[in-house]
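Sequence order for the protein chains is Y, P, V and U.
If you read the first sequence in this note's numbering, its first letter stands for residue 1, the second for the next number, and so on.
If you read the second sequence in this note's numbering, its first letter stands for residue 1001, the second for the next number, and so on.
If you read the third sequence in this note's numbering, its first letter stands for residue 2001, the second for the next number, and so on.
If you read the fourth sequence in this note's numbering, its first letter stands for residue 3001, the second for the next number, and so on.
Glycine residues also receive a C-beta, built at the ideal position from the N, C-alpha and C atoms.
Take a look at the structure below.
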Amino acid sequence: MVDQTVSEALAKPAAAAGPGRDFWRGIAVPAALVVIWSAASHLGLVDSRLLVPPERVALVPFLDADGRELWLGITASVLRMLAGFTIGILAGGALGLLMGVSRFAERGIAPSFTAVRQITLFAWIPLLTAWFGNGEAAKIVFIALSAGFPMALNTHQGLRDIPIAFVEVARVLRLSRRRLLTQVLVPSALPAIAIGIEIALINAWIGTVGAEYAMGLGRGVGAFLAEGREQFRMDIVIVGVLTLALVGFVLNTLLRAGVARLMPASGNSRR
Amino acid sequence: MIRIRQTLLAAAVAIGSVGVAAAAELPPVIHFAGVGSGFGLPFGQNTFAVAQVKGVMEAEFAGTDVRLDWGYFTGTGPAINEALANGQADFAQYGSIPNIIGYANGLPTRILLSYGGTNIFAVARKDLPIQSIKDLRGRKIAVQKATIIHWALLKALQANGLTERDVTIVDLKNPDTFAALAAGSIDAAFGASYILPLRDQGIVKVIYSTKDGGAQATGFGAIVVTDSFQKRYPEATQRVVDGLVKAGRFIGEDENREEVLRIWAKSGVPYEIIAEDFAGKPLRAQTNPLIDDFYLAQFRDAIEFEKQQKLIRRDVDLTAWLEPRYLADALKRLDLENFWPHRSADGLRQSAAN
Amino acid sequence: MSERSLIVPRRRLDRRRLRLGAAPRWISRLPALLWPLALPAIVLLGWQVATTRGWLAPQILPAPAAVVATLIDLARDGDITSNLAISLWRIVSGFAIGAGAGIVFGVALGVSPRLERFLGPSFRAVAQVPSLGWLPFLILIFGIGETLNYVIIAKACFVPVVLNTAGGIRNIPRQYLEVADAFRLTRTTRIFRLILPAALPQVFSGIRLALSHAWIALLVVEMLADTEGVGYMMTWGRTLFQIDVVLAGMVLIGIIGFVMDAGLRRAEKRLRRWVPADG
Amino acid sequence: MLAETSLDIRTVSKTYQVNDQALDVLRNIDFTVEPGEFVSIVGASGCGKSTLLRLIIGLDTEYHGDILLDGRRIDGPGADRSIVFQEHRLFPWLTVEQNVALGLDASDAPVAIRGQSVAEHIDLVRLAGFEKAYPHQLSGGMAQRAAIARALVNRPKILLLDEPLGALDSLTRAYLQDELLRIWRQQSVTVLMVTHDVEEAVYLSDKIVVMEPRPGRIAGIVPIDLDHQRERAAAGFIAHKERVLHLLNH
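Put into structure tokens, the structure is as follows:
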């Protein structure tokens, strides 16, 4: 209905008023906080060992010898995360697909999967370090687990919740198994799978930092953060935490843009 | 024993690492693991660090294809036990308490030599009226449990007529200890020299140090090898021990003191702190590698401590665990049998070679 | 009057409509209840064989029986019960604080465009920092102790509840809001008869997410900066190189996670009885 | 009596800004609904008929011209007007009874009277016995009748119907058309209905406002001078239908 869409456009006058104002409003509170932070640390209202002045934090990654480790750390973390993430979504996707298309597999695997999924990821760390050591292998396995679980879950659910109409059409058309899979099942589960990938990416990043933080060997943002704490360098800790948030945010934004480009057609996002 | 990497990591790691080496005398790669810290790639202290930096070990294996791999774990004891268990470490240098825990849980290691003692400090919040260990009665003390520092804490209490029940011991890792002291949620803490920067930041004062408390209260550890490695590669094991003894000699020679301290400072602990840690004592005494009566007595004490604390579930046969022949051989060949003092069980008397 | 009698019995759709692979015949004859147990049975068997045959060192993988024995030991010594009680109390109180505050803030954010404009973006940015990142700051502010646990768990619950509550409110169909306007519903009626019930499904998925985040945060804080609780018990098991304790902890954590999730599902079903069973 | 109220739409225009372009939705709409009348607006999609209803109910108050209710300009929703939407828009989490009671939410009637009024109106739309049912348990026609009860329970002077039967099947629809007539007479309420079904409009109305799109404007007003017992096949009925269709398609 034309007049409905028009009235909807009208219902959001903020969008028309220009994004500039919203942006400034959004940034007002953080800006005020930074000013308070700066004032508090300079005027000695708080212990400056604990709350380092903001400008010092901003300069640490450039001027400080230890702080410059950050750049290598980010590179190492991102590469490590990509490796684990790739393994995780491939394995998780395959498992989800298996459970989604085969009742036989679903009945056999899904209960165990659900049970194992209830074990919080961090609880895996002591086991993984015992099995794979504190090196790269354990970290990548941990990241892959972090990414794999949501991926498998969403793929499975996406396939399970396919509207009955689609499957009936496929049945009437007597599609071959391969066509059914590639042209009906997977495409219609795609929105759910995309959400799975999104969650997998966020989890993989948290998993990366967590693994680096808890398994002490090698470079990475998590190791950087842990070492900053080890040496009681609050400036480095703050930089580490900000980096962790920022990288997560950037990854998420990139992925969303990527997903949006990949599937412009399916508008019905679940969840 | 079938090595873990062949089973668990078969596809990933096996290629080129073990497998074919049975006939050869030397392994393709030797993994060293130690406790370390520092930004980026962590770095270690004690004998390993000097052996690595001075190229002593490379010299031992010059002309062979053996690759040397040094890894320093910020996760300390447990991480090193895990590395030894799953084949990511062949030689390890770490504190006795996790060392014993590993062995008591069936980790097949052999003790090759000592890497010397670790000074341990007690610090207390500046705003509290705590001047000595005796004042800790009723206080909350942080220590990382199941470490040699935990052992030293109980030793210190004991020496001052206190028991565990007179204080509250909180199990905290180093960074949490710093934060907890700064936030005032604990009163005191025990640690190695890494804890001293806190004093320089004005948060705590030092109330005790094993430098004053006598040799028996000082922390200690061992350099171990996995049993399978030394059985399979006795030749390589001997070369490693030779290298470690040579590194020990370098550390012990007074003219190298400054250089050695600089090497250790790469681990992220500031040079000034390390210099202070070892001030007033010759490094030769401090880093004595010998398995002598004193060392054995210390180890027995630590085993007893672990049983009391229920850190281990079964007893440890120290004699079966030791493998001193590589060290003896190296000392003899290098003519270093009298370089380090041989200590009596109580650590008080020293004698020349027996 | 034909349509008068039409109370439509919602046909429950068989969600297994079309299957790619048909199971081998002997499998399909297996009692349906046994089949889901096959995989765990195979894993357990492989595990047992691997340990008895000595393929894996017991320090790496203790026998299943050893894990069970450890579980029993820990239960008998009271280690499990005391640690569990501590952990559960932390979860419950942290969750109550965080989710409660989250609903209030989420409703505020959802109904007030001004609040959304000023605080929304910052909140969403801050929400990106996982509990692990908060830990160093929170330790500095609150020190090590119970307060830290409550704060970090409450924070972990707060974020998803706020996001989902605000999102749920923002996603309320405009048609319903127009009804509220056209019939000039009072403020109370709007909140309790429209906004809360309409946002409920999403609020509830926020709450479920919150509980799992709380559980994660609890383990993170217990494993990294605590001296009691199930997470600490596992770290301690790692320190003592006793993988059986670690595995026992994992089993315990899995069971609790399962029970909590199932409980919430049931609660949600009760709260949403106006929704047909198929959702 | 209730049906004293007249609705004057005087030269009403409405413009939306869409992508910085002015889009005329309504232009110079001008007609009157007399007290007690049943008036229909017919027109193709996009002629702005739903927008006009939104203006009258008061969901949207930005327009040019005047919409006068007994001579007073409308500036928001009020107790004197009520609406039934095309989709029933019952709240799925409330029972029929609770949904109908929403219509009384803004009134200051005492609780006892409210309950009675709700019951009466559920009776009126013949849903007695379904008070405790949830919307998902009702058929489309029943749900729409519940929506009518909700709209009438506060005894509005004017009832606005936005294609109220548009989503129903033809049998239910015919049945509900008679029901609407019955309710209209019983309640003696003024009704303004938007529909795109010409036959429905001729069947129910006293007067039909025919609109044409882009911009939405009045193509003509057709008074239906048939008695209230209308036969769809009668010649007079067909003639009126033809006139409306002609205006729509000219």
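Asked                                                                                                                           : Found
CB contact check: Arg-80(Y) to chain V, cutoff 8 Å                                                                              : no
Cα-Cα separation between Val-1170(P) and Ile-1291(P), rounded to whole angstroms                                                : 33 Å
CB contact below 8 Å: Val-57(Y) versus chain V                                                                                  : no
Amino acids of chain U, ordered along the chain, whose beta-carbon sits closer than 7 Å to that of Arg-2270(V)                  : Residues of chain U passing the Cβ test: none, with the nearest at roughly 13 Å.
Beta carbon proximity, Phe-232(Y) to chain P, threshold 8 Å                                                                     : yes
Under 7 Å (Cβ pairs) to chain P, residues found in the region 125-142 of chain Y                                                : Thr-129, Ala-130, Trp-131, Phe-132, Gly-133, Asn-134, Gly-135 and Ala-137
Beta-carbon separation (whole angstroms), Ile-2153(V) vs Arg-2193(V), contact threshold 8 Å                                     : Rounded, the Cβ-Cβ distance is 32 Å, inconsistent with contact.
Leu-2264(V) versus Leu-2209(V) - alpha carbon distance                                                                          : 10 Å
CB contact below 8 Å: Phe-2241(V) versus chain P                                                                                : yes
Closer than 8 Å to chain V by CB, Asp-22(Y)                                                                                     : yes
Partners in chain V for Trp-3184(U), counting only beta-carbon separations shorter than 8 Å                                     : Those do not exist, as Trp-3184(U) stays about 19 Å from chain V at its closest Cβ, beyond 8 Å.
Residues of its chain near Gly-3220(U), where Cβ-Cβ distance is below 6 Å and the 5 sequence neighbours each way are ignored    : Val-3210 and Leu-3247
Contact with chain P by Ala-2066(V), beta-carbon distance below 8 Å                                                             : no
Same chain only: Cβ atoms within 8 Å of Leu-43(Y), ignoring 5 sequence neighbours per side                                      : none
Endpoints, beta strand (DSSP E) assigned at Ile-3221(U)                                                                         : 3217-3223
Min CB distance Ala-2182(V) to chain U below 8 Å                                                                                : yes
Ile-87(Y) versus Val-221(Y), Gly-133(Y) and Met-151(Y), residue with shortest Cα-Cα distance                                    : Met-151(Y)
Phe-2118(V) in three-state terms, based on DSSP                                                                                 : helix
Against chain V: residues of the region 3027-3054 of chain U by CB proximity under 9 Å                                          : Arg-3054
Val-3202(U) vs Ile-3041(U) beta-carbon contact at 8 Å                                                                           : no
Proximal residues, the region 1086-1117 of chain P versus chain Y, C-beta separation under 9 Å                                  : Asn-1086, Gly-1087, Gln-1088 and Ala-1089
Strand pairing of His-1031(P), partner residues [DSSP]                                                                          : Asp-1069(P)
C-alpha gap between Gly-2249(V) and Gln-1045(P), whole angstroms                                                                : 34 Å
Interface residues of chain V facing Leu-3180(U) [CB-CB closer than 8 Å]                                                        : Here the premise fails: no neighbours, minimum Cβ distance about 15 Å.
Thr-2189(V): contacting residues in chain U (beta-carbon distance under 8 Å)                                                    : Leu-3102 and Asp-3105
Where His-1342(P) falls: helix, strand or coil (DSSP)                                                                           : strand
Any chain P beta carbon closer than 8 Å to Phe-113(Y)                                                                           : no
The region 2240-2254 of chain V touching the region 104-120 of chain Y, judged by at least three CB pairs closer than 8 Å       : yes
Neighbour flag for Trp-1340(P) against chain Y, beta carbons, 8 Å                                                               : no
Of the residues Asn-134(Y), Arg-233(Y) and Trp-131(Y), the one placed nearest Asn-60(Y), counting alpha carbons only            : The sequence given here has Val at residue 60(Y), not Asn. Out of Asn-134(Y), Arg-233(Y) and Trp-131(Y), Arg-233(Y) has the C-alpha closest to the C-alpha of Val-60(Y).
Inter-stretch contact (C-beta, 8 Å, three-pair minimum) for the region 3070-3081 of chain U and the region 2155-2170 of chain V : no
Runs of alpha helix (DSSP H) lying entirely within the region 145-182 of chain Y, each at least 4 residues, in chain order      : 164-172
Partners in chain U for Val-2179(V), counting only beta-carbon separations shorter than 8 Å                                     : Phe-3085, Arg-3089, Phe-3091 and Leu-3102
Pairwise C-alpha distance: Val-1240(P) and Ile-2216(V)                                                                          : 44 Å
7 Å Cβ cut-off: residues of chain V touching Ile-3057(U)                                                                        : Ala-2182
Rounded C-alpha distance that separates Arg-1165(P) from Val-1143(P)                                                            : 15 Å
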